[in-house]
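Novice: Structure below; questions to follow.
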Amino acid sequence: MAADTLNAGNNRIVTYLRLSVTDRCNLRCRYCMPPEGVSFVPHEEILSFEEMARVVRLSSLHGIRKVRITGGEPLVRKGLTPFLKTLSSLEGLDEITLTTNGVLLEDYARDLKNAGIRRINISLDSLKPQRFLKITGRDYFDKVIAGIRAAQEEGLSPIKINVVVMRGINDDELLDFAALATEKPIHVRFIEFMPIGGKNGWRPEEFVSIDEMLEIIRQAWPLTPIESGKLDGPALKFRLGKGDGEIGLIGALSNHFCAKCNRLRLTAEGQLRGCLFSDQEIDLKGPLRSGAGDDLLLELMRRAVETKPENHNLLRRGPRKCARLMSSIGG
Ligand code: SAM
Ligand code: SF4
Numbered sequence: 122m123a124a125d126t127l128n129a130g131n132n133r134i135v136t137y138l139r140l141s142v143t144d145r146c147n148l149r150c151r152y153c154m155p156p157e158g159v160s161f162v163p164h165e166e167i168l169s170f171e172e173m174a175r176v177v178r179l180s181s182l183h184g185i186r187k188v189r190i191t192g193g194e195p196l197v198r199k200g201l202t203p204f205l206k207t208l209s210s211l212e213g214l215d216e217i218t219l220t221t222n223g224v225l226l227e228d229y230a231r232d233l234k235n236a237g238i239r240r241i242n243i244s245l246d247s248l249k250p251q252r253f254l255k256i257t258g259r260d261y262f263d264k265v266i267a268g269i270r271a272a273q274e275e276g277l278s279p280i281k282i283n284v285v286v287m288r289g290i291n292d293d294e295l296l297d298f299a300a301l302a303t304e305k306p307i308h309v310r311f312i313e314f315m316p317i318g319g320k321n322g323w324r325p326e327e328f329v330s331i332d333e334m335l336e337i338i339r340q341a342w343p344l345t346p347i348e349s350g351k352l353d354g355p356a357l358k359f360r361l362g363k364g365d366g367e368i369g370l371i372g373a374l375s376n377h378f379c380a381k382c383n384r385l386r387l388t389a390e391g392q393l394r395g396c397l398f399s400d401q402e403i404d405l406k407g408p409l410r411s412g413a414g415d416d417l418l419l420e421l422m423r424r425a426v427e428t429k430p431e432n433h434n435l436l437r438r439g440p441r442k443c444a445r446l447m448s449s450i451g452g
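This is the structure:
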């Protein structure tokens, strides 16, 4: 076992931590939360920023290079920007990024920039306000567009737009979204609809594979493949025509990249997960709150790495939905 990595002996090198800072959210996306809402975890059950910073610091000393802040909606948690500043001061990290629904971004873009965030992902599943309302349950389309503009004005770059593609819901907007990547230095990420959380309404009829998405986009533009960098995620990336931007396709179901997955996830409640699709979790909150030393925490992180599967086989086995909601894992 290498002392300076989280490798647990199964040759899984983990360099990327996704940190969910809250399970709360100001949207109710149909694929993420049930329309009736969810009961949120009481505040005291959520890790404090000090506890989260300890985990990030420790993991940055043992191979984690990139941290993505997610949620729920990370911008609804108070005190986020000072926390981000703390993370930015850690030497071992190469990159801190954030995924947001963009609703509060107009207010926070400058603070995020000042706190050391250079790139963000913004989730947006429709370019039509009425459809946005139908998908998210909230009439905040204009806010999100204002948030994207504010992020551009602050020079956060590249801006990635995450689109969950659902048949019969927004698949007719594939080319409109892809066109964004030809006009501005925007990267569009098309994501397969995943069966996460018992009540997210996933149905095979709504699933669109990335192969199908690619076929549609290829008919409109010549696609040039882009090689992935070391810290890049699992997206298949392409340049579209002559544009500055790029598109990426994330085939978490059809193109499972489990063997190459370099991620760990920490939920807002302090549970470490080796895999998005598995219900196996390792509790860090208990040890953090009962005075565990760094050695024990590291041992638990290695155990989480050990749980990373070679394959999830979800499409073949059928949609075994994992119990946690996506909003509490962080995507
Ligand atoms: N609230 C923030 C947002 O929406 O960007 C961050 C958290 S959200 C859980 C992170 C990402 O997961 C978003 O891009 C969202 O679209 C994606 N996501 C949520 N549920 C999904 C599902 N069932 N299938 C695919 N992607 C999903
Ligand atoms: Fe909230 Fe993001 Fe889930 Fe939508 S996808 S309900 S914005 S956490």
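When you line the sequence shown up against our numbering, it's residues 122 to 452, in that order.
In this text, a Cβ means the ideal position worked out from N, Cα and C, and glycines have one as well.
Everything numeric in this text was worked out from a predicted model, so none of it was measured.
Under three-state DSSP, which class holds residue 328?
Specialist: Strand, per DSSP.
Novice: Give the straight-line distance between the Cα atoms of residue 306 and residue 361, rounded to the nearest whole angstrom.
Specialist: So the alpha carbons of these two residues sit roughly 11 Å apart.
Novice: Okay, do the stretch 245–265 and the stretch 203–216 touch, 3+ Cβ pairs below 8 Å being the bar?
Specialist: Segments in contact, no.
Novice: Between 349, 181, 376, which has its C-alpha nearest residue 330's C-alpha?
Specialist: The option with the nearest alpha carbon to residue 330 is 376.
Novice: Residues around the ligand SF4, please: the ones whose beta-carbon is closer than 6 Å to some heavy atom of it, in chain order.
Specialist: Result (chain order): 146, 148, 149, 150, 153, 154, 192, 193, 194, 222, 244, 447, 448.
Novice: Rounded to the nearest angstrom, what separates residue 182 and residue 126 at their Cα positions?
Specialist: Each residue's alpha carbon lies about 8 Å from the other.
Novice: Roughly how many whole angstroms lie between the Cα atoms of residue 340 and residue 410?
Specialist: Cα-Cα distance, rounded: 55 Å.
Novice: Exposed or buried, which one is residue 166 when buried takes at least 16 other CB atoms within 10 Å?
Specialist: Exposed, by the Cβ-count rule.
Novice: How big is the Cα-Cα spacing for residue 269 and residue 304?
Specialist: Rounded to the nearest angstrom, the two C-alpha atoms are 14 Å apart.
Novice: The alpha helix (DSSP H) with residue 233 in it runs from where to where?
Specialist: Its alpha helix (DSSP H) spans residues 226–235.
Novice: With a threshold of 7 Å, establish whether the CB of residue 161 neighbours any heavy atom of the ligand SAM.
Specialist: No, Cβ of residue 161 sits at least 7 Å from all heavy atoms of the ligand SAM.
Novice: Residues in the same chain with beta-carbon distance under 8 Å from residue 212, minus the five sequence neighbours each way, listed in chain order, please.
Specialist: Same-chain partners within the cutoff: 181.
Novice: Hey, out of 311, 221, 289, 290, whose CA is closest to residue 299's CA?
Specialist: With distances taken between Cα atoms, residue 299 lies closest to 311.
Novice: Would you report the Cα separation of residue 430 and residue 452, rounded to the nearest angstrom?
Specialist: Rounded to whole angstroms, residue 430 to residue 452 spans 17 Å at the Cα level.
Novice: Cutting at 6 Å between CB atoms, please list the residues of its own chain near residue 229, excluding the five before and the five after it.
Specialist: The answer, listed in chain order, is 196.
Novice: For a test of the three-state rule: what should DSSP assign to residue 187, helix, strand or coil?
Specialist: Correct three-state label for residue 187: strand.
Novice: Pop quiz: residue 138 and residue 385 are said to be a contact at Cβ under 8 Å. What is the actual Cβ separation, rounded to whole angstroms?
Specialist: Between residue 385 and residue 138 the Cβ distance is about 5 Å, and since that is below 8 Å, they are a contact.
Novice: Is residue 454 a contact residue of the ligand SAM, with contact defined as CB to any heavy atom under 7 Å?
Specialist: The chain is shown from 122 up to 452; residue 454 falls before or after that span and cannot be answered.
Novice: At which residues does the beta strand (DSSP E) containing residue 141 begin and terminate?
Specialist: Note, residue 141: beta strand (DSSP E), 137–141.
Novice: So, for residue 277: in the same chain, excluding its five sequence neighbours on each side, which residues have a beta-carbon less than 8 Å away from its beta-carbon?
Specialist: So the qualifying residues of the chain are 230, 233, 234, 238, 239, 240, 241.
Novice: Assuming residue 455 contacts residue 208 under a Cβ cut-off of 8 Å, what Cβ separation, rounded to an integer in Å, is found between them?
Specialist: Since the displayed the chain opens at 122 and closes at 452, residue 455 lies outside it and no answer follows.
Novice: Between residue 391 and residue 406, which are expected to be in contact by the criterion C-beta below 8 Å, what is the C-beta distance as a whole number of angstroms?
Specialist: With a Cβ gap of about 3 Å, residue 391 and residue 406 count as contacting.
Novice: Between residue 388 and residue 449, is the Cβ-Cβ spacing less than 8 Å?
Specialist: Their beta carbons are under 8 Å apart, which means residue 388 touches residue 449 by this criterion.
Novice: Report all residues from its chain with a CB closer than 6 Å to the CB of residue 428; omit the five preceding and five following residues, and keep chain order.
Specialist: 395, 401, listed in sequence order.
Novice: So what does residue 387 bridge to, in DSSP terms?
Specialist: Beta-bridge pairing links residue 387 to 140, 393.
Novice: Who are the Cβ neighbours of residue 124 in its own chain at under 7 Å, not counting the five residues just before and after it?
Specialist: With a pLDDT of only 48 at residue 124, under 50, the local geometry of the prediction cannot be trusted, and no value is derived from it.
Novice: What three-state label does DSSP hand residue 278 in the structure shown?
Specialist: DSSP places residue 278 in coil when its eight states are reduced to three.
Novice: Just verifying my parser: in three-state terms, what is the DSSP assignment at residue 124?
Specialist: With a pLDDT of only 48 at residue 124, under 50, the local geometry of the prediction cannot be trusted, and the value read off the model is given with reservation. DSSP places residue 124 in coil when its eight states are reduced to three.
Novice: Can the beta-carbon of residue 397 be found closer than 8 Å to that of residue 317?
Specialist: Yes, the pair counts as a contact, with Cβ atoms nearer than the cut-off.
Novice: The ligand SAM and residue 312: does the residue's C-beta get closer than 7 Å to at least one heavy atom of that ligand?
Specialist: Residue 312 Cβ: within cutoff of the ligand SAM.
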